[in-house]
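Notes for the one structure printed next.
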Amino acid sequence: MSLENFTLDYFSLKGRTAIITGGNTGLGQAYTVALAKAGANVFVVTHGTNWDETKQLLSGSEGDAEFYQADLSDREQLQKVVPACVEVFGTVDILVNNAGTIRRNPLLEYKDEDWDDVMALNLDAVYFLSQAAAKVMAEKRAGKIINIASMLSFQGGKFIPPYTASKHAVAGLTKSFANELAEHNIQVNAIAPGYFATKNTAPIRADEKRNAEILSRIPAGYWADPSDLMGTVVYLASKASDYMNGHVLAVDGGWLAR
Ligand code: NAD
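Residue numbers (UniProt numbering): 1 to 258.
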C-alpha cells in the first residue's frame with residue numbers, strides 16, 4: 001500500500017471466497033450479506049436448512065453463494081467444511097468463525113453436557129476449522145481468519161461458565177494463530193460484539209431488570225443491530241487491514257470503555 005495508490009478498492013472483496021459459519025441467522029447473516037455486497041463469493045455453513053431469507057438478502061450481490069449444512073460440534077462433519085468450499089469455489093480466502101451457542105444456568109447446577117456442547121462449538125470448531133482453512137491459505141500466501149469473540153472474552157459474567165471460558169480462549173487462539181500465520185501472510189483477528197439484539201440475547205432482553213442494567217452501562221444507550229457489524233467484517237476481510245494481526249476488536253457502543 002502507498003499513499004499514492006490508496007483507493008476504496010482496498011476494501012473490495014471481489015474475487016475472494018469467504019466461509020461464514022452460522023451465516024444465515026443473527027450476526028452471521030450480517031457478516032454473510034456484508035461480505036457478499038463487498039464482492040465475495042460466500043460459502044454459508046448452517047445448522048439447519050432454513051435459507052430463504054438469507055438467499056433473498058443476497059440477491060443482487062456480485063459474488064456467488066453456496067449454502068452447506070453441517071453440525072459443527074461433530075468433528076467428522078466439521079472436517080468436511082473446508083474441502084467442500086474448495087470443491088465449489090476452488091479455494092478459501094476468508095474464514096469467519098461465527099457459529100456459537102450459549103447455555104445459561106447457575107454454576108452449582110451446571111450440567112456436564114452443557115459444558116461439552118458449548119466448548120465443542122465455540123472453541124473446538126474454531127480451532128479445527130481455522131487450522132484446515134490456514135493450510136489452504138498458507139499455500140497461496142494470503143488469507144484472513146476472523147473469529148467472533150465477545151465481551152465475555154474480557155469479563156466473567158454469571159451463569160455461563162463455558163461461554164466465558166470459550167470466548168476467552170477464542171481471544172487466545174486469535175493471538176496464537178496470528179503469531180504463527182503472519183509469515184504466511186495470513187491475518188487472524190477477532191471481533192468482540194457488545195450487546196446485539198439477536199436470538200442469542202432474547203432471554204436477557206426479556207428480563208426487565210437485566211435489560212435495564214445493560215442499557216444503563218452502554219454509552220451508546222441502545223442494543224446494537226447486526227448491521228452495525230457489517231463495516232467491521234468487511235474491513236477485517238480486506239486488504240485495508242493487512243497490517244492488523246492478532247487483535248480483538250470490540251464493537252460495543254462503548255461498553256468496555258466504562
Ligand atoms: P444466533 O443464535 O443467531 O447464531 C448462532 C449461529 O450458530 C446460528 O446460525 C446457528 O444455526 C449456528 N449454530 C448453532 N449450533 C450449531 C452447530 N452445532 N453447528 C453449526 N452451526 C451451529 O446468535 P448470534 O447472536 O448471531 O451469535 C453469533 C455469534 O456471535 C456467536 O459466536 C455468539 O457467541 C457471538 N456473539 C453474539 C453477541 C450478541 O449480542 N448477539 C455478542 C457477542 C458475541
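Glycine included, each C-beta is placed from N, C-alpha and C at the ideal position.
With respect to the beta strand (DSSP E) encompassing residue i, which residues constitute its N-terminal and C-terminal limits?
| i | result |
| --- | --- |
| residue 250 | 248–251 |
| residue 187 | 186–193 |
| residue 44 | 41–46 |
| residue 144 | 143–148 |
| residue 95 | 94–97 |
| residue 178 | Counting along the chain, residue 178 falls outside any beta strand (DSSP E), though it belongs to the alpha helix (DSSP H) covering 161–181. |
| residue 21 | 17–21 |
Label residue i either buried or exposed according to how many other C-beta atoms from any shown protein chain fall within 10 Å of its C-beta, with 16 as the threshold for buried.
| i | result |
| --- | --- |
| residue 79 | exposed |
| residue 24 | buried |
| residue 216 | exposed |
| residue 8 | exposed |
| residue 6 | exposed |
| residue 235 | buried |
| residue 137 | buried |
| residue 162 | buried |
| residue 253 | buried |
| residue 114 | buried |
| residue 167 | buried |
| residue 189 | buried |
| residue 58 | buried |
| residue 169 | buried |
| residue 206 | exposed |
| residue 131 | exposed |
| residue 212 | exposed |
| residue 90 | exposed |
| residue 31 | buried |
| residue 155 | exposed |
| residue 144 | buried |
Kindly identify the DSSP beta-bridge partner or partners of residue i.
| i | result |
| --- | --- |
| residue 69 | 46 |
| residue 196 | 224 |
So residue i is in the alpha helix (DSSP H); what residue range does that whole segment cover?
| i | result |
| --- | --- |
| residue 211 | 208–217 |
| residue 128 | 125–140 |
| residue 120 | That residue, residue 120, is in no alpha helix (DSSP H); it is neither H nor E in DSSP. |
| residue 230 | 230–237 |
| residue 55 | 52–58 |
| residue 75 | 75–79 |
| residue 29 | 26–37 |
Is residue i near the ligand FMN - that is, is its Cβ less than 8 Å away from at least one heavy atom of it?
| i | result |
| --- | --- |
| residue 82 | This structure lacks the ligand FMN; its bound ligands are the ligand NAD. |
Open item on the list: So, does the segment 9–23 touch the segment 83–97, judging by three or more C-beta pairs under 8 Å?
Closed with: yes
Task: Segment contact flag, the segment 173–190 with the segment 216–232, C-beta cutoff 8 Å, min 3 pairs - done: no
Open item on the list: Closer than 8 Å is the cut-off here; do at least three beta carbon pairs connect the segment 56–75 with the segment 123–132?
Closed with: yes
Open item on the list: Any contact between the segment 188–199 and the segment 151–160? By contact I mean 3 or more CB pairs, one from each, below 8 Å.
Closed with: yes
- [ ] Could you tell me whether the segment 28–40 touches the segment 199–207, where touching means 3 or more Cβ pairs closer than 8 Å?
- [x] no
Task: Meets three-Cβ-pair contact criterion under 8 Å: the segment 58–66 and the segment 129–143 - done: no
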